[in-house]
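In what follows, a single structure is set out as structure tokens and then discussed.
Residue numbers (this note's numbering): 962 to 1218.
Listed below in structure tokens is the structure:
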């Protein structure tokens, strides 16, 4: 049986490495009143200890290191059915990135493409591989977006938070495949659940948040706590800024490339 977390606990939960969102799974009901500053401080201390232990155990490879590791793979050997777009920090757009990479509209993010392997490994697409597919007449960018949609059909979000009526007001994308934020590129993904004007954030490279705009005061506390806490304490912080979801959808129309 899943444990039911209070509103204040959820805000404190956000101040951890985003792996803690694994306990906020689909269907979890998180309804109790805000637990207060004392509980939040206790939870934050506990999560800080976890963060210290996690950082000592492992250091995740940077995107450039992963790209370099996958350079030996021949384009003909790539499994195109596993290629998806990956959202990255905008500064990589001006780096020596030796593969296709584009800014997403006017957002402070860019997107590259990668093959998703076992154990959450990425092998980023190089210019040589993109040229191979282009010359073969393969619309690999459209295929990658279709792959993303297919992989997201059964589980578009990894967790959610419900209001007093049992309706979701916040969706978390912290998937086991490590490209949860890429789901923001899929147009209208949460329109029916969060409303057509829903907003999103990518506080950490593997974690995205979507939430409805008509929030109560306590719900705003939860949303802000999740976004700000994840940004401040995540392993690879991205941005604490909030955005209208539709600003990511130009990517699906090909406007970014």
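Using N, Cα and C, we set each Cβ at its ideal position, and we do this for glycine too.
Nearest residue (CA-CA) to residue i, options the options
i            : options                : result
residue 1122 : 1111, 1178, 1131       : 1131
residue 1153 : 1128, 1167, 1138       : 1128
residue 1215 : 1101, 1183, 1188, 1075 : 1101
residue 1119 : 1196, 1137, 1082       : 1137
residue 1151 : 1116, 1177, 1185       : 1116
residue 1076 : 1143, 1180, 1043       : 1043
residue 1082 : 1088, 1056, 1045, 1191 : 1045
residue 1139 : 1184, 1066, 1078       : 1078
residue 1143 : 1159, 1125, 1113, 1155 : 1113
residue 1093 : 1201, 1182, 1041       : 1041
Strand pairing of residue i, partner residues [DSSP]
i            : result
residue 1170 : 1133, 1162
residue 1064 : 1071
residue 1274 : Nothing can be reported for residue 1274: it is not among the residues displayed for the chain, which extend from 962 to 1218.
residue 1204 : 1161
residue 1198 : 1165
residue 1077 : 1083
residue 1044 : 1076
Cβ neighbours of residue i in the same chain (closer than 7 Å, five flanking residues each side left out)
i            : result
residue 1199 : 1050, 1163, 1164, 1165, 1166
residue 1054 : 1062, 1064, 1071
residue 1218 : 1063, 1102
residue 1017 : Because the pLDDT at residue 1017 is just 40, under 50, the model does not fix this residue reliably, and the value given afterwards should be weighed accordingly. So no residue of the chain qualifies.
residue 1211 : 1066, 1217
residue 1173 : 1130, 1155, 1156, 1159
Cutoff 8 Å; reference residue i; Cβ partners in own chain excluding five residues on either side
i            : result
residue 1145 : 1048, 1134, 1161, 1163, 1169, 1171, 1206, 1209
residue 1213 : 1106, 1146, 1147, 1148
residue 1110 : 1147
residue 1095 : 1101
Length of the line joining the Cα atoms of residue i and residue j
i            : j            : result
residue 1124 : residue 1180 : 8 Å
residue 1009 : residue 1195 : The predicted model places residue 1009 with a pLDDT of 46, which falls under 50 and marks its position as unreliable; any figure quoted below should be read in that light. Approximately 11 Å, taken between the alpha carbons.
residue 1182 : residue 1126 : 18 Å
residue 1073 : residue 1099 : 17 Å
residue 1157 : residue 1190 : 26 Å
residue 1052 : residue 1059 : 14 Å
residue 1057 : residue 1176 : 42 Å
residue 1141 : residue 1097 : 30 Å
residue 1185 : residue 1039 : 40 Å
residue 1068 : residue 1085 : 21 Å
residue 1089 : residue 1188 : 37 Å
residue 1104 : residue 1178 : 42 Å
residue 984  : residue 1108 : Confidence at residue 984 is low in this model, with a pLDDT of 38, below 50, so the placement of that residue is unreliable and no value is reported for it.
Cutoff 6 Å; reference residue i; Cβ partners in own chain excluding five residues on either side
i            : result
residue 1192 : 1164, 1198, 1201
residue 1204 : 1161
residue 943  : Residue 943 cannot be examined here, being either before or after the span of the chain that is shown, 962 to 1218.
Taking the runs of the alpha helix (DSSP H) that are 4 residues or longer, which of them lie wholly in the region 1106 to 1155? 1152 to 1155
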